[in-house]
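Working notes, beginning with the structure itself.
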Amino acid sequence: MAIIKNKSPVLFFYNNSKKWLMNISKKESLHTHIGVLKHADAIGKEYGSRLMTNKDKYVYLLEPTMYDYIMKIQHGTQIVYPKDLGYIAARAGIQDGQKILEIGTGSGSLTSFVASIVKPRGHVYTFDVDENFMKIAEKNIRKSGVSKYVTQHNLDLKTSKEIPVTDMDVALIDLGDPWVVIPKVRQMLKGSGSIFAICPTMNQLEKLTMALVENEFTDIESTEHIIRTIEAREGKTRHSFQGIGHTTYLCFARKAFFGPKTKTTKAKTTKAKTTKAKTTKAKTTKAKTTKAKTTKAKTTKKSTKN
Ligand SMILES: C[S@@+](CC[C@H](N)C(=O)[O-])C[C@H]1O[C@@H](n2cnc3c(N)ncnc32)[C@H](O)[C@@H]1O
1277 MAIIKNKSPV LFFYNNSKKW LMNISKKESL HTHIGVLKHA DAIGKEYGSR
1327 LMTNKDKYVY LLEPTMYDYI MKIQHGTQIV YPKDLGYIAA RAGIQDGQKI
1377 LEIGTGSGSL TSFVASIVKP RGHVYTFDVD ENFMKIAEKN IRKSGVSKYV
1427 TQHNLDLKTS KEIPVTDMDV ALIDLGDPWV VIPKVRQMLK GSGSIFAICP
1477 TMNQLEKLTM ALVENEFTDI ESTEHIIRTI EAREGKTRHS FQGIGHTTYL
1527 CFARKAFFGP KTKTTKAKTT KAKTTKAKTT KAKTTKAKTT KAKTTKAKTT
1577 KKSTKN
């Protein structure tokens, strides 16, 4: 049985839009528009229990999940949202024990999520150039309880000659110009390792795809993930009024080895080209002959009439 203690993390849940994530501190109270709750009253209760505010409203004491931490994250930058996080994990096959490279830590949303999957044997090596964002990320990663599985580096992999990590299972890139780092990322990935890049615009997808092909990546796929909330209530279930806005596109690919173009391939191509040229020529000649014959026939017919 999971019992709430002093300092335990708790999601005080009233409804989907009114919820508060905090660590229990026995002298504190939670003040909200639905009333006041004393943290001390939560101590000793099982997660899932409920308390009543001084305005007679029930609030549930839930054990926070990674989703809750991410939805309550302090934003220094744009973040990757759960609708995309799930697909990233599934498509790249992220699992316990893997080594993950991340370029563009930002607020640490993707970092925390991925660390929670690769732990306890895996690790996330994350790079950023902005010290302020790195501090915000550090705080967010700590709050979500995965600091032990993350190493933050202040290094610009676009310009640095260093190859600070190698043999990575997955590389996650969230930069404005991800195509710039592709050759370097290739050196850090293991064979058939996966890449995911977060691209807010289609222009980025285009440039990135070209760089991926040039750098011998295969299984390239660009996607957009849209989530639509349903309000399910007896007799009046419908889509929620919440609009669907654009967040980002995702681009996935896997490191491959195209190898040198063999002579056989070249010979085959040349042969194929020659055959095609011959066929085309033959077809053209045939068409010309048929046309000439038709014209001749018509002329003969005309002169017969006259
Ligand atoms: C959109 S944010 C990443 C958000 C992150 N994926 C998240 O879920 O919280 C982009 C980050 O890339 C960082 N950045 C920009 N250029 C960089 C570079 N050359 N190397 C590493 N990070 C860089 C920025 O400082 C910023 O923190």
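Numbers 1277 to 1582, taken from the numbering used here, label the letters of the sequence shown in order.
Where a beta carbon is used, it is the ideal one built from N, C-alpha and C, also for glycine.
Could you tell me whether the Cβ atoms of E1322 and A1368 are closer together than 8 Å? no
In whole angstroms, what separates the C-alpha of R1530 from that of G1362? 18 Å
Any non-hydrogen atom of ligand 1 within 7 Å of V1400 CB: no
In the DSSP assignment, the alpha helix (DSSP H) including F1389 goes from what residue to what residue? S1385 to V1394
Beta-ladder partner(s) of D1404, from DSSP: N1430
Under 7 Å from any heavy atom of ligand 1, does the C-beta of K1434 make it? yes
Just checking F1533 against ligand 1 - is the residue's beta carbon closer than 7 Å to any of the ligand's heavy atoms? no
If I follow the unbroken beta strand (DSSP E) through N1292, where does it start and stop? Counting along the chain, N1292 falls outside any beta strand (DSSP E), and DSSP gives it neither H nor E.
On the three-state DSSP scale, how would you describe N1282? coil
With a threshold of 7 Å (Cβ to nearest heavy atom), would V1335 be considered close to ligand 1? no
Please report the straight-line C-alpha distance between K1331 and S1436, rounded to a whole angstrom. 58 Å
Between which two residues does the beta strand (DSSP E) holding R1326 run? R1326 to M1328
The beta strand (DSSP E) spanning Y1343 covers which residue range? Y1343 -> not in any beta strand (DSSP E); alpha helix (DSSP H) instead, spanning M1342 to M1347.
Proximity of E1438 and F1403 at Cβ, strictly below 8 Å: no
When you compare the CB positions of Y1525 and L1465, do they come within less than 8 Å of one another, or not? no
In three-state terms, what does DSSP make of N1491? coil
From C1527 to A1318, what distance separates their C-alpha atoms? 44 Å
Member of D1453, V1426, P1454 and K1411 whose CA lies at the smallest distance from the CA of V1394: V1426
Around the C-beta of G1511, are 16 or more other C-beta atoms found within 10 angstroms, so that it is buried, or is it exposed? exposed
Let me know the secondary structure DSSP gives K1460 once reduced to three states. helix
Looking at D1344 and H1501, is the spacing between their C-beta atoms short of 8 Å? no
C-alpha distance - Y1290 paired with M1298, whole-angstrom precision: 14 Å
C-beta atoms of V1390 and L1448 nearer than 8 Å: yes
Using the C-alpha atoms, what's the distance from L1433 back to K1460? 8 Å
Would G1535 be called buried (16 or more neighbouring beta carbons within 10 Å of its own) or exposed? exposed
Excluding sequence positions up to five away, which residues of its chain have a Cβ less than 8 Å from the Cβ of R1397? D1372 and G1373
For the alpha helix (DSSP H) containing Y1363, name the first residue and the last one. P1358 to A1368
Beta carbon of L1386: closer than 7 Å to some heavy atom of ligand 3? In the structure shown, ligand 3 is absent; the only ligands present are ligand 1.
Looking at the strands, I want to know which residues DSSP matches up with S1470. V1446 and R1530
Where G1521 falls, given that 16 or more other Cβ within 10 Å makes a residue buried: exposed
For the beta strand (DSSP E) containing R1538, list its first residue and its last residue. In the sequence as displayed, the identity of residue 1538 is Thr instead of Arg. Where T1538 is concerned, there is no enclosing beta strand (DSSP E), given that its DSSP letter is neither H nor E.
Measure the beta-carbon distance from Q1428 to T1381 and round it to whole angstroms, keeping in mind my assumption that it falls under 8 Å. 6 Å
Enclosing beta strand (DSSP E) for Y1323 [first to last residue]: Y1323 -> no beta strand (DSSP E), and no H or E assigned at all.
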